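Chains as they are written, first to last, in our numbering: chain A, 18 to 332; chain B, 18 to 332.
Built from N, CA and C at the ideal position, the CB exists for glycine as well.
All figures in this text were calculated on a predicted structure; none of them were measured in a lab.
Each remark here refers to the structure printed beneath this line.
Encoded structure:
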């Protein structure tokens, strides 16, 4: 069994490669819920949905999020009234949030709802939210008067298009949030644990912040391999590079290596960073150099193979 | 000022006639909220929306409810998961429910939200929910084992397509629900109060069940005129005829007259029922015979004129 610690787009692409080289029923993804948000009364889980839609082949290929063949009629009506429209919700996508909200109202835990939604798209891998409990990523930024204010993840990521400096990150609810059923076992029992090429600070960290998850990954360190989301000093998507700098890390594969050294025994870095391989190894991880920019399904599959081969002897 | 006690489709058509013969800013509609429902976490107010969309010229002319140029992508996704799809919510329409839910989450009362939505469509008349408080129409029907069960209005009206016999009707919350701001004054100060051609038992009664409303209408009886929703013994739309029978009333204009005699001094009946005019008057109301089937805007405007002339001397 392979277990992947996952954020959104980068993890979704990696998983779409992994299901080409491993039977999906042998794969578990443990997915970040720190980005989850309630808007207009609806429960929205962006990372879970990005992975589901991507693996279903239903993601919009141009936007990289949301569903293909999407329409935006609900948002247009909402805008007519001056409602909150900075978080774009397509009409097709809305059905997912309506279902999740309906089922939560009936008392179903997020993990069960997630399985139902995955089944609705015919997915055969196991998608687990990191926790069924409420956990929310909060970011401290400078307010208009210069004093620090704390905002929610989507207020940072979408409303401000991650264009403001971040002073601190906190995971609200982390003290109480328990791992969803199966999460700890999926890490403990995996032949290989993969930390997907997601943002270490806002996609992977909130998964690790769930009670017992960081310890479980640490205990599995020899079987754990991370894929760097930083290529040539930059994030392929999103603010990982700037966040690393702002929060005192190096925005290079070496900075990533330093963060992941306690958790993973191997770091896969892109060929563009080959010159940093020995610096990565000085952080205490084995370093594997491979193409990591998953521009096609074939590259994603090859990357998945490389990751598994770095840990699993027979692959 | 003219005040209309209103349900859904019949009231909406009457109001669309009234705004042709009176300045909209002189018109207040007090609208039933007993049909309101929460689905998928969204707050839905069908009668308020039917009136708003109708007066905005945006109602779907074929269905008679919901918006024209509607799409159904959200429902299609919801159906993929086996979610609750018996209550059809179009994509355009969803934006209204999202806005209402968002504003309620911010603590805004329904009356304020209703005004904002009406303003979003450029309406100039005043739409008031009967109450800002929770009031829900509940119907007792026979369960599968023959024992009585109580269901919500939409479970009766939409899910069962009002095809089951009703044993009793109750307005949950009626004991506590206070009239929305302006409701009592709108009745007390009106030169004419109109009871719209809506279902007396499930559209008008829940408005009257709000604390103080029945008394206010009774006090305005000499200025109050009702329009019969029953024509030739049948409801033009919906189950009014069967409900009247099932609950011990006559499903004729005489049955309507008996229900409204304590509240209204005049009943407008359709020409098809002209032969029952004297029987209506025996119930203690003046009877006006006129075309009431509002198949065109011109008929609706003429009916509005007839209604006002029956009360207001100068019209």
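Handout entry: Opposing strand residues paired with residue 188 (chain A) [DSSP bridges]
Key = Within the first chain, the letter at position 171 stands for residue 188 (chain A). DSSP lists A:154 as partners of residue 188 (chain A).
Problem - Within 8 Å, strictly: CB atoms of residue 317 (chain B) and residue 304 (chain B) - result: In the second chain, counting from the first residue as 1, residue 317 (chain B) sits at position 300. In the second chain, counting from the first residue as 1, residue 304 (chain B) sits at position 287. Not closer than 8 Å, so no.
Exercise for the section: Report the option in A:210, A:59 and A:24 whose CA atom is closest to the CA atom of residue 147 (chain A). Expected result: Start at 1 with the first residue of the first chain, and residue 147 (chain A) comes out as number 130. Checking every option, the nearest Cα to that of residue 147 (chain A) belongs to A:24.
Problem - Among A:224, A:214, A:238 and A:98, nearest to residue 285 (chain A) - alpha-carbon criterion - result: Looking up residue 285 (chain A) in the first chain gives position 268. The residue with the shortest Cα to Cα distance from residue 285 (chain A) is A:214.
Handout entry: residue 142 (chain A) in three-state terms, based on DSSP
Key = Here residue 142 (chain A) refers to the residue found at position 125 of the first chain. Correct three-state label for residue 142 (chain A): coil.
Practice task
Check distances from the C-beta atoms of the stretch 82-108 of chain A to those of chain B and list, in chain order, the residues that come in under 7 Å.
Solution key: 88, 90, 91, 92, 93, 94, 95, 97, 98, 100, 101 and 108
Practice task
Give a yes or no on whether 8 Å exceeds the smallest Cβ distance from residue 119 (chain A) to chain B.
Solution key: As a working note, residue 119 (chain A) is residue 102 in the first chain. Output row for residue 119 (chain A): interface = yes.
Practice task
Taking the CB atoms as reference points, tell me whether residue 73 (chain B) and residue 139 (chain B) lie closer together than 8 Å.
Solution key: Translated into the one-based positions of the second chain, residue 73 (chain B) becomes position 56. Translated into the one-based positions of the second chain, residue 139 (chain B) becomes position 122. Cβ distance < 8 Å, so residue 73 (chain B) and residue 139 (chain B) count as in contact.
Handout entry: Neighbour list for residue 133 (chain A) in chain B, Cβ cutoff strictly below 7 Å
Key = Along the first chain, read from residue 1 onward, the residue named residue 133 (chain A) stands at position 116. Neighbours of residue 133 (chain A) on chain B, chain order: 98.
Practice task
Would you identify the three-state DSSP class for residue 55 (chain A), choosing helix, strand or coil?
Solution key: In the first chain, counting from the first residue as 1, residue 55 (chain A) sits at position 38. Strand, per DSSP.
Problem - Every unbroken beta strand (DSSP E) inside the stretch 60-116 of chain B [3 residues or more] - result: none
Practice task
Determine the direct distance from the alpha carbon of residue 131 (chain B) to that of residue 114 (chain B), and round the result to whole angstroms.
Solution key: Here residue 114 (chain B) refers to the residue found at position 97 when the second chain is read from its first residue. Here residue 131 (chain B) refers to the residue found at position 114 when the second chain is read from its first residue. Between residue 114 (chain B) and residue 131 (chain B), the C-alpha separation is close to 11 Å.
Practice task
Determine the chain B residues that contact residue 113 (chain A) at a beta-carbon separation under 7 Å, and present them in chain order.
Solution key: Reading the first chain from its first residue, position 96 is the one you call residue 113 (chain A). In chain order: 94.
Handout entry: Limits of the unbroken alpha helix (DSSP H) element including residue 131 (chain A)
Key = As a first step, residue 131 (chain A) is located in the first chain; it is residue number 114 there, counting from the start. Where residue 131 (chain A) is concerned, the enclosing alpha helix (DSSP H) stretches over 127-137.
Practice task
Please confirm whether residue 246 (chain A) and residue 217 (chain A) have their CB atoms less than 8 Å apart.
Solution key: To locate residue 246 (chain A), count along the first chain from 1; it is residue 229. To locate residue 217 (chain A), count along the first chain from 1; it is residue 200. In this structure, residue 217 (chain A) lies closer than 8 Å to residue 246 (chain A) by Cβ.
Exercise for the section: Put residue 210 (chain A) into one of helix, strand or coil per three-state DSSP. Expected result: Here residue 210 (chain A) refers to the residue found at position 193 of the first chain. Three-state DSSP puts residue 210 (chain A) in a strand.
Exercise for the section: Verify whether the separation of the beta carbon atoms of residue 71 (chain A) and residue 203 (chain A) is less than 8 Å. Expected result: Translated into the one-based positions of the first chain, residue 71 (chain A) becomes position 54. Translated into the one-based positions of the first chain, residue 203 (chain A) becomes position 186. No, the pair does not count as a contact, with Cβ atoms beyond the cut-off.
Practice task
Report the option in B:96, B:108, B:129 and B:38 whose CA atom is closest to the CA atom of residue 137 (chain A).
Solution key: Here residue 137 (chain A) refers to the residue found at position 120 when the first chain is read from its first residue. Comparing Cα positions, the closest option is B:96.
Exercise for the section: Closer than 8 Å by C-beta to residue 254 (chain A): which residues in its own chain qualify, once you throw out the five before and the five after it? Chain order, please. Expected result: By 1-based counting over the first chain, the position of residue 254 (chain A) is 237. Result list for residue 254 (chain A): 26, 27 and 81, in chain order.
Practice task
For residue 37 (chain A), I'd like the list of residues in its chain whose CB is within less than 6 Å of its CB, leaving aside the five on either flank, ordered along the chain.
Solution key: By 1-based counting over the first chain, the position of residue 37 (chain A) is 20. Cβ neighbours of residue 37 (chain A) beyond the five flanking positions: 318.
Exercise for the section: Check the C-beta distance from residue 67 (chain B) over to residue 29 (chain B) and give it rounded, since I have them as a contact under 8 Å. Expected result: For this step, residue 67 (chain B) is matched to residue 50 along the second chain. For this step, residue 29 (chain B) is matched to residue 12 along the second chain. Yes, they are in contact, since the Cβ atoms of residue 67 (chain B) and residue 29 (chain B) sit about 5 Å apart, within 8 Å.
Practice task
State the DSSP-derived secondary structure class of residue 303 (chain B), mapped to helix, strand or coil.
Solution key: Your numbering for residue 303 (chain B) matches position 286 in the second chain. Residue 303 (chain B) falls in the strand class under three-state DSSP.
Exercise for the section: Could you check the C-alpha separation between residue 332 (chain A) and residue 177 (chain B) for me, to the nearest Å? Expected result: Numbered from its first residue, the first chain carries residue 332 (chain A) at position 315. Numbered from its first residue, the second chain carries residue 177 (chain B) at position 160. Confidence at residue 332 (chain A) is low in this model, with a pLDDT of 41, below 50, so its placement is unreliable and the value that follows should be read with caution. Their Cα atoms are separated by approximately 57 Å.
Handout entry: Other residues of its chain near residue 61 (chain A): CB distance less than 6 Å, five sequence neighbours each side excluded
Key = Here residue 61 (chain A) refers to the residue found at position 44 of the first chain. 54 and 114, listed in sequence order.
Exercise for the section: Count the C-beta pairs between the stretch 265-281 of chain B and the stretch 179-189 of chain B that are closer than 8 Å, then say yes if the count reaches three, no if not. Expected result: no
Problem - chain B contacts made by the stretch 44-78 of chain A, where a contact means CB separation under 9 Å - result: 55, 56, 57, 58, 59 and 60
Exercise for the section: Alpha carbon to alpha carbon, how far is residue 124 (chain B) from residue 235 (chain A)? Give it in angstroms, no decimals. Expected result: If you number the first chain from 1, residue 235 (chain A) lands on position 218. If you number the second chain from 1, residue 124 (chain B) lands on position 107. About 45 Å.
Problem - residue 193 (chain A) beta carbon less than 8 Å from that of residue 258 (chain A) - result: Counted from its first residue, the first chain places residue 258 (chain A) at position 241. Counted from its first residue, the first chain places residue 193 (chain A) at position 176. Taking 8 Å as the Cβ cut-off, residue 258 (chain A) and residue 193 (chain A) do not qualify as a contacting pair.
Problem - Distance between residue 32 (chain B) and residue 314 (chain B) (C-alpha atoms, nearest Å) - result: Against the second chain, residue 314 (chain B) aligns to sequence position 297. Against the second chain, residue 32 (chain B) aligns to sequence position 15. Each residue's alpha carbon lies about 10 Å from the other.
Problem - Straight-line gap, residue 48 (chain A) to residue 223 (chain A) (C-alpha atoms, nearest Å) - result: Within the first chain, the letter at position 31 stands for residue 48 (chain A). Within the first chain, the letter at position 206 stands for residue 223 (chain A). Taking the straight line from one Cα to the other gives about 9 Å.
Problem - Local conformation of residue 243 (chain B) per DSSP, three classes - result: Working through the second chain from its first residue, we reach residue 243 (chain B) at position 226. If DSSP states are grouped into helix, strand and coil, residue 243 (chain B) belongs with the strands.
Problem - Under 7 Å from the C-beta of residue 137 (chain B): neighbouring residues of chain A - result: Your numbering for residue 137 (chain B) matches position 120 in the second chain. Ordered by position in chain A, the residues that pass the 7 Å Cβ test against residue 137 (chain B) are 97 and 98.
Problem - Separation of residue 58 (chain B) from residue 207 (chain B), as counted between CA atoms - result: As a first step, residue 207 (chain B) must be located in the second chain, where it is residue number 190. As a first step, residue 58 (chain B) must be located in the second chain, where it is residue number 41. Distance between the alpha carbons of residue 207 (chain B) and residue 58 (chain B): 37 Å.
Handout entry: Cβ of residue 124 (chain A) within 8 Å of any chain B Cβ
Key = For the purposes of this step, residue 124 (chain A) is taken as residue 107 along the first chain, with counting starting at 1. Chain B contact via Cβ: absent.
Exercise for the section: Answer with buried or exposed for residue 109 (chain A), where buried requires no fewer than 16 other C-beta atoms within 10 angstroms of its C-beta. Expected result: By 1-based counting over the first chain, the position of residue 109 (chain A) is 92. Buried is the call here.
Handout entry: Where residue 277 (chain B) meets chain A, residues with beta-carbon distance less than 9 Å
Key = Residue mapping note: residue 277 (chain B) aligns to position 260 of the second chain, counting from 1. Neighbours of residue 277 (chain B) on chain A: none; closest Cβ ~36 Å, over 9 Å.
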